[in-house]
Amino acid sequence: MNTAKKLEDLKAILAESGSAVIALSGGTDSTYLVSVAASRPGLHLLAVTVSTPYMFSSEVRDAASFCSEIGVKHKELIAGIPLSVMSNPPDRCYLCKREIMNLITSEARKGGYKVIFDGTNADDLKEHRPGLRALGESGVRSPLAEAGLTKEEIRYLAREAGLEVSDRPSNSCLLTRFPHDMAITPENLHMIEEAERLVTEAGFAGARVRVHGDLARIEIRNEQFERIAHGVFRMKLTKALRGLGFQYVTIDAEGYRTGSMNKTE
Numbered sequence: 000m001n002t003a004k005k006l007e008d009l010k011a012i013l014a015e016s017g018s019a020v021i022a023l024s025g026g027t028d029s030t031y032l033v034s035v036a037a038s039r040p041g042l043h044l045l046a047v048t049v050s051t052p053y054m055f056s057s058e059v060r061d062a063a064s065f066c067s068e069i070g071v072k073h074k075e076l077i078a079g080i081p082l083s084v085m086s087n088p089p090d091r092c093y094l095c096k097r098e099i100m101n102l103i104t105s106e107a108r109k110g111g112y113k114v115i116f117d118g119t120n121a122d123d124l125k126e127h128r129p130g131l132r133a134l135g136e137s138g139v140r141s142p143l144a145e146a147g148l149t150k151e152e153i154r155y156l157a158r159e160a161g162l163e164v165s166d167r168p169s170n171s172c173l174l175t176r177f178p179h180d181m182a183i184t185p186e187n188l189h190m191i192e193e194a195e196r197l198v199t200e201a202g203f204a205g206a207r208v209r210v211h212g213d214l215a216r217i218e219i220r221n222e223q224f225e226r227i228a229h230g231v232f233r234m235k236l237t238k239a240l241r242g243l244g245f246q247y248v249t250i251d252a253e254g255y256r257t258g259s260m261n262k263t264e
């Protein structure tokens, strides 16, 4: 099935819903989903962003700003760190997604919306994503995945639509930067968010900073190794991260990879 046909299928899924709440994270997938939904005549739409201490604050701001620009009603729900997630257990993705979807489901019921959508794409269904179980339990639908749209196709369509998020590197919540069973606090979440901001500003977009006690392990993308080879960049990053409280800073020779902190992988 070609991309154009998948897009038509997506539009049909959205139009048939009548009224929907879309879980908007601020990333490429959910932002594109909101943009397509906003173009469906007669669709009663609400975009909801659940703001937690382990989300990037910039993405929450971007979500609200985007909805304002295209005239979509947006609501931000503020949540703390759930007790079930605070110890960062191996099933934290499932537990976190369950808490978030409970909040969004409650909001949808309050507003009389018929359906809840999220930005899961067809590629996500092929990966180890424990949070998908929580979506199923909550009755949340994933129209991008239902239409068969892959990440590459969504980026292409987003570029065609002129969306700034089209080439934004994929991201995951800050909990994925910590080892399982390490207690999570607002302080260490802020520390790692600042660390990744500094790494990005140094020219390493899409990199990850993983925490191992007082050691920061930086995972960069393959094409960035030549740049990091220059001593000036390494020393600049080391000094900046030590300023946040890390004692040691290291560059991971394997580079960036998803799920590198998961016990199950």
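Numbered according to numbering that gives the first Met the number 0, the sequence shown spans residues 0 to 264. Note that beta-carbon positions come from the ideal geometry of N, C-alpha and C, so glycine has one too. None of these values were measured; they are calculated from a predicted model.
Span of the alpha helix (DSSP H) holding residue i?
| i | result |
| --- | --- |
| Ile153 | Lys150 to Glu159 |
| His189 | Pro185 to Glu200 |
| Arg167 | First-last for Arg167: undefined, no H or E at that position. |
| Phe232 | Gly230 to Leu243 |
| Arg267 | There is simply no residue 267 to check, as the chain begins at 0 and stops at 264 in what is shown. |
| Arg207 | Counting along the chain, Arg207 falls outside any alpha helix (DSSP H), though it belongs to the beta strand (DSSP E) covering Arg207 to His211. |
| Ser29 | Thr27 to Ala37 |
Along the chain, where does the beta strand (DSSP E) that runs through residue i open and close?
| i | result |
| --- | --- |
| Ile217 | Leu214 to Glu218 |
| Ala22 | Ser18 to Ala22 |
| Val114 | Val114 to Phe116 |
Based on Cα-Cα distance, which residue from the options lies nearest to residue i?
| i | options | result |
| --- | --- | --- |
| His189 | Ser34, Val35 and Ser57 | Ser57 |
| Ile103 | Pro129, Glu75, Gly258 and His127 | Glu75 |
| Glu225 | Gly212, Gly202 and Ala22 | Gly202 |
| Leu42 | Pro88, Asp28, Phe55 and Ala11 | Ala11 |
| Ile191 | Arg154, Gly244, Val164 and Gly230 | Gly244 |
| Ile115 | Leu173, Arg220, Ser18 and Arg196 | Ser18 |
| Glu222 | Asp122, Ala252 and Arg241 | Ala252 |
| Leu9 | Lys72, Thr149, Tyr53 and Gly111 | Thr149 |
| Tyr155 | Ser165, Ser50 and Gly147 | Ser165 |
| Ser38 | Leu134, Leu13, Ile217 and Tyr255 | Leu13 |
| Ile219 | Val198, Gly258, Gly70 and Ala22 | Val198 |
| Pro52 | Phe232, Arg241, Gly254 and Glu193 | Glu193 |
| Asn170 | Phe65, Glu7 and Arg256 | Arg256 |
For residue i, which of helix, strand or coil comes out of DSSP?
| i | result |
| --- | --- |
| Ala46 | strand |
| Ile80 | coil |
| Glu253 | coil |
| Phe224 | helix |
| Tyr53 | coil |
| Arg140 | strand |
| Glu75 | strand |
| Glu264 | Only weak support exists for where Glu264 lies, its pLDDT of 37 falling under 50; the coordinates are left without a value. |
Please report the straight-line C-alpha distance between residue i and residue j, rounded to a whole angstrom.
| i | j | result |
| --- | --- | --- |
| Thr263 | Leu44 | Any reading at Thr263 must be qualified, since the residue scores a pLDDT of 39, below 50, and its modelled position is unreliable; no value is offered. |
| Leu124 | Ala144 | 8 angstroms |
| Ser24 | Ser16 | 21 angstroms |
| Glu106 | Ala228 | 49 angstroms |
| Thr237 | Pro168 | 23 angstroms |
| Arg108 | Asn87 | 30 angstroms |
| Ala36 | Glu98 | 25 angstroms |
| Asp180 | Leu82 | 13 angstroms |
| Val47 | Gly230 | 44 angstroms |
| Ser141 | Thr184 | 31 angstroms |
| Asp117 | His211 | 32 angstroms |
| His127 | Asp90 | 12 angstroms |
| Cys92 | Cys172 | 9 angstroms |
| Lys96 | Ser137 | 10 angstroms |
| Thr249 | Ala204 | 17 angstroms |
| Arg207 | Met54 | 14 angstroms |
| Ala182 | Glu159 | 43 angstroms |
| Leu94 | Leu162 | 31 angstroms |
| Ser64 | His73 | 9 angstroms |
With 16 as the cutoff for other CB atoms within 10 Å, does residue i come out buried or exposed?
| i | result |
| --- | --- |
| Gly130 | buried |
| Val33 | buried |
| Ala3 | exposed |
| Tyr247 | exposed |
| Ser29 | buried |
| Ser67 | exposed |
| Lys113 | exposed |
| Gly79 | exposed |
| Ala175 | It should be noted that the sequence gives Thr, not Ala, for residue 175. Burial call: buried. |
| Asn266 | The structure shown does not extend to residue 266, since the chain is modelled only from 0 through 264, so no value can be given for it. |
| Glu200 | exposed |
| Met260 | buried |
| Lys5 | buried |
| Pro40 | exposed |
| Ile77 | exposed |
| Arg209 | buried |
| Met100 | buried |
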